[in-house]
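A.B. asks:
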Amino acid sequence: MSSKELLEAFLSTTTDHIIPLTAQGVASGCKVFGAAILRKSDRSVVVAATNHETASPLLHGEINCIQQFWGIPKETRPDPKDCLFFATHEPCSLCLSGITWSGFDNHYFLFTYEDTRDAFDIPYDIQILEAVSYLTDPFRLLLLLL
Ligand SMILES: [Zn+2]
1 MSSKELLEAF
11 LSTTTDHIIP
21 LTAQGVASGC
31 KVFGAAILRK
41 SDRSVVVAAT
51 NHETASPLLH
61 GEINCIQQFW
71 GIPKETRPDP
81 KDCLFFATHE
91 PCSLCLSGIT
101 WSGFDNHYFL
111 FTYEDTRDAF
121 DIPYDIQILE
131 AVSYLTDPFR
141 LLLLLL
């Protein structure tokens, strides 16, 4: 599977599946983030979803997509290892964990954390990661002891 084939699959998934859902979501007060799960074999869409934070603050596009994926009956649901996980925006720490704990061995995105902060005026993902990176600071222990 070439990078060109992947990009074409992700762009058509965005246009055909995610944007229509996003239009409805944004109109009801949700953020613009979306995600989709595609089969590796033929890049067909298994499920697509968008942010639904008006129902729960944890229903980010990726988590909503994972929830819908696991709602598919086991007999017809593909193995996560046979799927591509695509997010419109670089996943936040919550969604990175959700993607990993759900068994996906990959994830792709169009917009970086910096794009999300600068072009979409949503700085929270990068702020959280910067705060968490504080945990790797060798002086953290000293700060905690003060
Ligand atoms: Zn998220």
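Its first residue numbered 1, the sequence shown is counted upward by one per residue in UniProt numbering.
From the three backbone atoms N, C-alpha and C, an ideal C-beta is built for every residue, glycine too.
#1: Judging by CA-CA distance, which residue of Ala119, Met1, Val47 is the nearest neighbour of Pro73?
#2: Kindly give me the distance between the Cβ atoms of Gly71 and Thr50, rounded to whole angstroms, as I take these residues to be in contact under 8 Å.
#3: Can you tell me which of the three DSSP states Ala49 falls into?
#4: Assign Lys31 to one of two classes, buried (16 or more other C-beta atoms within 10 Å of its C-beta) or exposed (fewer than that).
#5: Following the continuous alpha helix (DSSP H) through Leu110, name the residue where it begins and the one where it ends.
#6: Please indicate yes or no: does the CB of Cys83 lie closer than 7 Å to some heavy atom of ligand 1?
#7: Which residue marks the beginning of the beta strand (DSSP E) containing Ile37, and which one marks its end?
#8: Quick check on Gly29: buried or exposed, where buried means 16 or more other Cβ atoms within 10 Å of its Cβ?
#9: Quick check for students: name the residue ranges of the alpha helix (DSSP H) that lie wholly in the stretch 65-124, counting only runs of 4 or more.
#10: Do Pro20 and ligand 1 come close, with the Cβ less than 7 Å from some heavy atom?
#11: With distance defined between alpha-carbon atoms, name the residue in Asp105, Gly61, Gln127, Ile99 nearest to Asp82.
C.D. replies: Straight from the coordinates:
#1: Counting from one through the sequence shown, the residue named residue 73 turns up at place 73. When only C-alpha atoms are compared, the closest one is Val47.
#2: As a working note, residue 71 is residue 71 in the sequence shown. As a working note, residue 50 is residue 50 in the sequence shown. Gly71 to Thr50, Cβ: 16 Å. No contact.
#3: Indexing the sequence shown from 1 puts residue 49 at position 49. Strand, per DSSP.
#4: For the purposes of this step, residue 31 is taken as the residue at position 31 of the sequence shown. With 16 or more Cβ atoms within 10 Å of its Cβ, Lys31 is classed as buried.
#5: As a working mapping, residue 110 is identified with position 110 in the sequence shown. It is not in any alpha helix (DSSP H) - Leu110 instead sits in the beta strand (DSSP E) that spans 108-111.
#6: For the purposes of this step, residue 83 is identified with residue 83 of the sequence shown, where counting begins at 1. Not so, every heavy atom of ligand 1 lies at least 7 Å from the Cβ.
#7: In the sequence shown, counting from the first residue as 1, residue 37 sits at position 37. 34-39 is the extent of the beta strand (DSSP E) around Ile37.
#8: As a first step, residue 29 is located in the sequence shown; it is residue number 29 there, counting from the start. Exposed.
#9: 93-101, 113-119
#10: As a position in the sequence shown, residue 20 is number 20, starting the count at 1. Pro20: no, Cβ never under 7 Å from ligand 1.
#11: Here residue 82 refers to the residue found at position 82 when the sequence shown is read from its first residue. When only C-alpha atoms are compared, the closest one is Asp105.
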